[in-house]
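**Student:**
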Amino acid sequence: MKVNKDFNSRTLKTRIAIGNAILDELEKKEFTQIRVSDVIKGADVSRMSFYRYYENLYDALCDYLNIIVNGYMIEGGEVDDPSVYMKLDHIEFSLNYFDRYARYFLVLNRHGLYTILIDAVNEYMMKNILPAKKLHMYELYAYAGGLLNAFLKWEEGGKRENARNVAEMIYRLYGQSQPAEKI
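In terms of the working numbering, the numbers along the sequence shown are unbroken and rise by one, the last being 225.
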């Protein structure tokens, strides 16, 4: 899989356009029916530009999520203390941040591409939180999966509760527990 980790503004505009064009196509047809030619037309980029960054459409979707997560890390602050991620205010921030990209999450989930989402969330937790050695990896998997699932159901349900209320529910499950001894 070829996923671009370059976040400079020159490449970012093109990569975001490609990601948005794929979402546009997913709103009209199944993922397996989308062709690169449909995407490059919608993104107004050349075929060469597409293949400069990606080997296939799946890679482009993964990269789009990496761009979203990179923004999350910048806006949320790359915190040295991993316990911050399980604090009420940060959970609320997470819900509100990802709400800006609800279309991406909901469209992928509707098309059975949940694995792109959960794999990216798990990878983020393992790379950014686990190295601090304050939480066990299974605690991180449970938290990440729970947060993603709660977010998706909140969005699918039309966000009847405000983000703070949902964050409080998640916090009650995860935020008050003490990390178990690492195995």
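Backbone N, C-alpha and C fix where the C-beta goes; we use that ideal spot for every residue, glycine too.
Is it buried or exposed, Asp86, if we count other Cβ atoms within 10 angstroms and call 16 or more buried?
**Tutor:** exposed
**Student:** Three or more beta-carbon pairs under 8 Å between the stretch 109–118 and the stretch 73–81, yes or no?
**Tutor:** no
**Student:** Taking C-alpha atoms, which residue in Thr157, Tyr100, Gly188 and Pro173 lies nearest to Ile64?
**Tutor:** Tyr100
**Student:** Can you tell me the Cα-Cα spacing of Phe147 and Glu210, whole angstroms?
**Tutor:** 22 Å
**Student:** Is it buried or exposed for Lys224, if we count other Cβ within 10 angstroms and need 16 for buried?
**Tutor:** Residue placement at Lys224 is poorly supported in this model, since its pLDDT is 44, which falls under 50; the coordinates still yield a value, given next. Using a 10 angstroms sphere on the CB of Lys224, the tally of other CB atoms stays under 16, which defines it as exposed.
**Student:** Hey, out of Ser136, Leu172, Lys201 and Ile82, whose CA is closest to Glu67's CA?
**Tutor:** Ile82
**Student:** For Asp141 and Glu197, I'd like the C-alpha separation in whole angstroms.
**Tutor:** 8 Å
**Student:** Do the stretch 48–63 and the stretch 125–134 touch if we need at least three Cβ pairs shorter than 8 Å?
**Tutor:** Per the Cβ contact rule, the stretch 48–63 is not in contact with the stretch 125–134 (fewer than 3 Cβ pairs under 8 Å).
**Student:** Which term fits Arg57, buried or exposed, when burial requires 16 or more other beta carbons within 10 angstroms of its beta carbon?
**Tutor:** Answer is buried; the Cβ neighbour count reaches 16.
**Student:** Identify whether Gly113 lies in helix, strand or coil by the three-state DSSP scheme.
**Tutor:** Per DSSP, reduced to three states, the secondary structure at Gly113 is helical.
**Student:** So, for Ser91: in the same chain, excluding its five sequence neighbours on each side, which residues have a beta-carbon less than 7 Å away from its beta-carbon?
**Tutor:** Thr56
**Student:** DSSP on Val87, reduced to helix/strand/coil?
**Tutor:** coil
**Student:** Take Leu150 and list the residues in its own chain whose beta-carbon comes closer than 8 Å to its own, dropping the five residues that flank it on each side.
**Tutor:** Within the same chain, Leu68, Leu103, Tyr156, Ile158 and Leu159 come within 8 Å of Leu150 by CB-CB distance, once the 5 residues on both sides are set aside.
**Student:** Is Ile212 near Ile110, with beta carbons less than 8 Å apart?
**Tutor:** no
**Student:** Just the Cα atoms here: how many angstroms apart are Arg152 and Glu72?
**Tutor:** 10 Å
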